[in-house]
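Trainee: Take this structure, written in structure tokens, and hold onto it; I'll ask about it next.
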Amino acid sequence: NAGVTQTPKFQVLKTGQSMTLQCAQDMNHEYMSWYRQDPGMGLRLIHYSVGAGITDQGEVPNGYNVSRSTTEDFPLRLLSAAPSQTSVYFCASSYSTSGRTSTDTQYFGPGTRLTVL
Amino acid sequence: DAKTTQPTSMDCAEGRAANLPCNHSTISGNEYVYWYRQIHSQGPQYIIHGLKNNETNEMASLIITEDRKSSTLILPHATLRDTAVYYCIVRPRSGSARQLTFGSGTQLTVLP
Numbered sequence: 011n012a013g014v015t016q017t018p019k020f021q022v023l024k025t026g027q028s029m030t031l032q033c034a035q036d037m038n039h040e041y042m043s044w045y046r047q048d049p050g051m052g053l054r055l056i057h058y059s060v061g062a063g064i065t066d067q068g069e070v071p072n073g074y075n076v077s078r079s080t081t082e083d084f085p086l087r088l089l090s091a092a093p094s095q096t097s098v099y100f101c102a103s104s105y106s107t108s109g110r111t112s113t114d115t116q117y118f119g120p121g122t123r124l125t126v127l
Numbered sequence: 720d721a722k723t724t725q726p727t728s729m730d731c732a733e734g735r736a737a738n739l740p741c742n743h744s745t746i747s748g749n750e751y752v753y754w755y756r757q758i759h760s761q762g763p764q765y766i767i768h769g770l771k772n773n774e775t776n777e778m779a780s781l782i783i784t785e786d787r788k789s790s791t792l793i794l795p796h797a798t799l800r801d802t803a804v805y806y807c808i809v810r811p812r813s814g815s816a817r818q819l820t821f822g823s824g825t826q827l828t829v830l831p
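Residue numbers (the numbering used here), protein chains in the order written: chain U, 11 to 127; chain D, 720 to 831.
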């Protein structure tokens with residue numbers, strides 16, 4: 011298994027540009043989520059999904075859109091990039107959303123480093 | 720999720736045990752204690768979790784006090800590769816609010 015993969019690894023945008031950060035997992039996980047991490051800080055949840063066709067907002071959703079058309083993919087779209095969105099973005103997935111098991115480990119991707127000029 | 724308090728940084732000598740404390744005095748009965756770590760520039764990595772009993776796996780041990788208001792992560796024989804930020808997270812077992820809430824964590828530096 012490749013686990014959680016993210017592309018691109020690095021991206022530079024100009025203010026106002028749009029782009030999509032890709033995230034894919036091959037573990038058949040129900041739950042997927044996006045976090046951002048600013049320098050010296052912990053991760054903050056942007057959006058999450060409990061299954062295909064279902065998404066919800068996290069702590070810092072403004073300026074981002076998500077969709078979940080398949081179990082494997084959970085892309086994050088920046089509608090109009092702003093310098094405040096300069097950050098490292100991590101995608102994560104985990105197996106269970108229904109509480110069937112307490113061992114609900116989240117697996118993280120390697121991150122996308124985004125700079126908005 | 721219950722708030723957690725961790726020291727900002729700690730040092731540990733290579734080969735010695737690293738003991739990382741975490742306070743979670745407002746933890747509720749259905750909340751687990753999870754530990755993740757983040758090695759520089761990488762995605763967070765799961766270490767261990769527990770409810771009320773002490774837990775051990777191939778990476779670490781987790782000691783939870785009887786009142787569950789604090790816990791300690793123990794890396795029995797720290798190596799240089801254990802240098803990372805360690806996050807203590809408290810979260811419910813199930814339900815919609817099961818996402819991880821990361822604080823600032825503890826920067827553990829293992830010294831040669």
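Each residue gets a CB set at the ideal place from its N, CA and C atoms; glycine is no exception.
All of these numbers come straight from a predicted model, not from anything done at the bench.
(1) Just verifying my parser: in three-state terms, what is the DSSP assignment at Asp801 of chain D?
(2) Does His796 of chain D pass the burial test, meaning 16 or more other C-beta atoms within 10 Å, or should it be called exposed?
(3) Could you run through the stretch 30-64 of chain U and flag, in chain order, every residue whose CB is less than 9 Å away from some CB of chain D?
(4) By the DSSP assignment, the beta strand (DSSP E) with Tyr45 of chain U in it spans what residues?
(5) Whose Cβ in chain D lies nearer than 8 Å to the Cβ of Phe84 of chain U?
(6) Applying the 10 Å Cβ sphere with the 16-neighbour rule, what's the burial state of Ala779 of chain D?
(7) What does DSSP give as the partner residue(s) for Leu89 of chain U in the beta ladder?
(8) Any beta-carbon of chain D closer than 8 Å to the one on Thr81 of chain U?
(9) Have a look at D:Leu739, D:Leu792, D:Glu774, D:Tyr755 and flag the residue whose alpha-carbon is nearest the alpha-carbon of Thr115 of chain U.
Mentor: On the basis of the supplied data:
(1) Three-state result, Asp801 of chain D: helix.
(2) exposed
(3) Tyr41, Ser43, Tyr45, Gln47, Gly50, Met51, Gly52, Leu53, Arg54, Leu55, Tyr58, Val60
(4) 41-47
(5) Correct list: empty, because the minimum Cβ distance to chain D is about 13 Å.
(6) buried
(7) Leu89 of chain U pairs with nothing; no bridge assigned.
(8) no
(9) For Thr115 of chain U, the nearest C-alpha among the options comes from D:Tyr755.
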